[in-house]
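Heads up: the structure comes next, in structure tokens.
There are 2 protein chains.
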Amino acid sequence: MTSALVRKLECYLPLSDVDRAGLEALQFKFHSIAAKSEVEAILPAGGAVHQIQTGYACRYRQLPDGRRQISGLMIPGDFIDLRKFVVTGAEHGVFGLTELALMGYDAASLLRVLEARPRSAQAVWRALLAEESIAQEWLVSLGKRSALERVAHLICELYVRHTVMNEGAGRTFTLPITQREIGDAMGLSTVHVNRTLRELRQRGLAKLQSGQMEILNFEKLADLAMFSPTYLQFRNRTANRH
Amino acid sequence: MTSALVRKLECYLPLSDVDRAGLEALQFKFHSIAAKSEVEAILPAGGAVHQIQTGYACRYRQLPDGRRQISGLMIPGDFIDLRKFVVTGAEHGVFGLTELALMGYDAASLLRVLEARPRSAQAVWRALLAEESIAQEWLVSLGKRSALERVAHLICELYVRHTVMNEGAGRTFTLPITQREIGDAMGLSTVHVNRTLRELRQRGLAKLQSGQMEILNFEKLADLAMFSPTYLQFRNRTANRH
DNA sequence: CGCGTGTTTGAAACCGCTCAATGACTGTGG
DNA sequence: CCACAGTCATTGAGCGGTTTCAAACACGCG
Chain A
22 MTSALVRKLE CYLPLSDVDR AGLEALQFKF HSIAAKSEVE AILPAGGAVH
72 QIQTGYACRY RQLPDGRRQI SGLMIPGDFI DLRKFVVTGA EHGVFGLTEL
122 ALMGYDAASL LRVLEARPRS AQAVWRALLA EESIAQEWLV SLGKRSALER
172 VAHLICELYV RHTVMNEGAG RTFTLPITQR EIGDAMGLST VHVNRTLREL
222 RQRGLAKLQS GQMEILNFEK LADLAMFSPT YLQFRNRTAN RH
Chain B
22 MTSALVRKLE CYLPLSDVDR AGLEALQFKF HSIAAKSEVE AILPAGGAVH
72 QIQTGYACRY RQLPDGRRQI SGLMIPGDFI DLRKFVVTGA EHGVFGLTEL
122 ALMGYDAASL LRVLEARPRS AQAVWRALLA EESIAQEWLV SLGKRSALER
172 VAHLICELYV RHTVMNEGAG RTFTLPITQR EIGDAMGLST VHVNRTLREL
222 RQRGLAKLQS GQMEILNFEK LADLAMFSPT YLQFRNRTAN RH
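For the record, the sequence lines run as chains A and B.
Going by the working numbering, the first residue of the first sequence is number 22, and it counts up by one from there.
Going by the working numbering, the first residue of the second sequence is number 22, and it counts up by one from there.
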């Protein structure tokens with residue numbers, strides 16, 4: 022059975038057996054973090070890269086007057102602090118949407134592996150780039166897409182990300198997120214998120230119910246959102262075929 | 022006289038004489054590009070990193086239905102394709118707002134210098150990180166700031182960036198950008214950008230006239246925008262003291 | 001049971017958009 | 001030199017998408 026680390030990286034770049042072996046030899050520590058809590062405050066500061074085993078988290082920034090902007094959603098398999106591994110430019114916090122089970126890789130050991138295996142290093146770069154690329158796409162959403170398009174686009178994004186990590190698990194996936202959090206991510210009020218989700222449901226496109234997102238018609242949903250999965254940087258485009 | 026490359030990188034990290042010498046020994050080619058044109062279409066593809074000597078440009082993404090989202094503004098001294106130097110994940114175009122004079126550094130030669138001088142390499146990372154960090158801040162603006170706050174914040178950002186690159190050239194700086202372009206960047210209609218600029222003028226905060234932005238009251242402007250320059254990653258915080 | 005959290009819906013207000021028209025400026029061709 | 005077209009800035013009027021305020025409802029939990 023391949024490790025979560027290898028599984029994640031191979032979403033971006035196929036690895037050789039030697040690459041895989043190097044990564045799988047890495048030790049890691051488990052961390053368990055209660056739901057709705059500040060992740061950074063609990064984790065040992067620096068020196069490690071953490072990957073989500075189970076649970077959901079978000080990156081966010083808080084304005085001085087209390088407004089909160091969520092700038093990224095992290096699902097199982099994602100790294101939550103890859104950026105800090107590269108440079109120490111914090112600026113944002115990480116918040117657990119659910120209870121989290123994390124795997125923490127020692128940064129120094131990881132670095133050694135990456136220096137020995139350039140292809141593994143490239144895969145990590147890709148993973149980081151994909152994050153930035155998603156943020157870029159959110160920028161487009163917030164700037165140019167309507168509420169309906171924004172939420173539809175977010176659903177498409179998460180659907181593809183789930184599908185790629187889980188190798189196509191059907192048209193329903195776990196999404197334990199409140200409407201308030203969707204609003205904080207997409208720049209909408211909670212109330213309007215509610216109405217928007219209702220509209221998507223009534224149009225027969227997607228349905229969110231008790232933490233489960235059901236895709237009713239991916240083609241129409243992607244069409245409405247002007248969603249094109251290439252920006253996610255996945256090498257494997259199976260998710261592209263709805 | 023120090024080269025533009027060194028001057029830019031030293032905004033992020035102080036360099037040693039050896040670092041500087043290595044960078045200044047780099048050859049570069051000049052490129053001149055007409056105003057209002059697609060930069061990528063003209064530049065020799067790949068293999069080079071370009072820095073703006075004079076002129077202004079923007080990074081943007083176009084949606085299939087024609088809507089355009091500007092995701093970054095580049096001013097003299099900035100690199101326009103640093104990201105592509107790291108990974109080939111295009112997705113966005115570069116557009117010259119004015120006529121551009123570019124310096125093109127050969128990517129392979131630059132890479133050699135950076136491998137020999139880790140501190141220079143780190144400065145380049147910082148420059149790239151700063152770009153991402155600005156995009157992140159725009160995400161916050163688009164998601165959570167009002168039109169007035171957004172435009173005010175953009176003005177603060179550009180003011181500080183100008184000040185740092187030009188070592189504090191006073192409270193007026195060149196900003197040859199149309200109101201339509203401000204709108205495409207901040208997710209506002211042209212008409213509303215106009216009204217917003219009028220409001221800022223009437224409040225005695227900032228004034229944009231024939232391509233010159235004049236800061237009338239930086240403190241109040243920054244306060245309105247909830248602007249805090251740390252995200253720009255500059256080591257030199259003189260711009261912080263208004 | 002009562003409480004807290006999250007969802008749902010209605011009504012009214014508002015911010016920002018669209019449509020439309022005018023004026024200022026610039027470059028172009030006659 | 002003037003007429004013309006094109007781009008950009010400016011302003012008014014009206015519409016509409018989204019927000020805010022408010023209240024009810026559903027659900028899980030101690």
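C-beta atoms are modelled at their ideal positions from N, C-alpha and C, and glycine is treated no differently.
Being a predicted model, the structure only gives us computed values, none of them experimental.
Candidates the options, of which the one nearest residue i by Cα
i      : options                           : result
B:K57  : B:T119, B:R147 and B:H113         : B:T119
B:M234 : B:I203, B:I73, B:S92 and B:G208   : B:I203
B:L196 : B:C177, B:L209 and B:H213         : B:C177
A:T75  : A:M95, A:R88 and A:Q90            : A:M95
A:K29  : A:F194, A:E240, A:G93 and A:E188  : A:E188
A:V60  : A:Y81, A:I236, A:R41 and A:R224   : A:Y81
B:M247 : B:G68, B:V161, B:T184 and B:A122  : B:V161
B:R222 : B:G232, B:F106, B:N238 and B:V212 : B:N238
B:H52  : B:H113, B:D38, B:G117 and B:R192  : B:G117
A:A55  : A:A122, A:K165 and A:C79          : A:A122
A:V39  : A:H183, A:P139 and A:L179         : A:P139
A:L179 : A:A66, A:C79, A:E45 and A:V27     : A:C79
A:L245 : A:V107, A:C32, A:R224 and A:G43   : A:R224
B:G43  : B:K50, B:C32 and B:V27            : B:V27
Where residue i meets chain B, residues with beta-carbon distance less than 9 Å
i      : result
A:P85  : M247 and S249
A:K165 : R82, L84, R88, R89, Q90, D205 and G208
Per-residue burial, residue i [other beta carbons within 10 Å of its own, 16 or more giving buried]
i      : result
A:R262 : Low confidence applies here, because A:R262 scores a pLDDT of 40, under 50, leaving its location unreliable; read the following figure in that light. It is exposed - the Cβ of A:R262 has fewer than 16 other Cβ atoms within 10 Å.
A:E153 : buried
A:A243 : buried
A:R147 : buried
A:Q90  : buried
B:E158 : buried
B:R256 : exposed
A:T259 : Note that A:T259 scores 49 on pLDDT, short of 50, meaning its location in the model is unreliable and no value can be drawn from it.
B:Q230 : exposed
A:D289 : Because chain A here runs from 22 to 263, residue 289 of chain A falls outside it and cannot be looked at.
A:R133 : exposed
B:T184 : buried
A:V212 : exposed
B:C32  : buried
Whether residue i touches residue j by CB criterion (8 Å)
i      : j      : result
B:L34  : B:A144 : yes
B:L102 : B:V115 : Strictly speaking, residue 102 of chain B in this sequence is Asp, with Leu absent from that position. Contact flag set, yes.
B:M186 : B:P97  : yes
B:L218 : B:Q200 : yes
B:M207 : B:V172 : yes
B:Q72  : B:M124 : yes
B:Y126 : B:L47  : yes
A:L267 : A:R104 : What is shown of chain A runs 22 to 263, which leaves residue 267 of chain A out entirely.
A:V70  : A:L135 : no
B:A25  : B:G93  : no
B:A128 : B:G68  : yes
Where residue i meets chain A, residues with beta-carbon distance less than 7 Å
i      : result
B:Y252 : E112
B:E153 : E153
Within chain A, the residues that residue i reaches when beta carbons sit closer than 8 Å
i      : result
B:Q157 : R82, S92, E112, H113 and A156
Contact set between residue i and chain B, taken where Cβ atoms lie within less than 8 Å
i      : result
A:V161 : R82, L84, Q90 and S92
8 Å contact criterion, which residue i and residue j should meet: CB distance rounded
i      : j      : result
B:S141 : B:L36  : 6 Å
B:L163 : B:E220 : Not quite, the Cβ-Cβ distance comes to about 19 Å (not below 8 Å), so this is no contact.
B:I236 : B:R192 : 4 Å
A:E112 : B:Y252 : 6 Å
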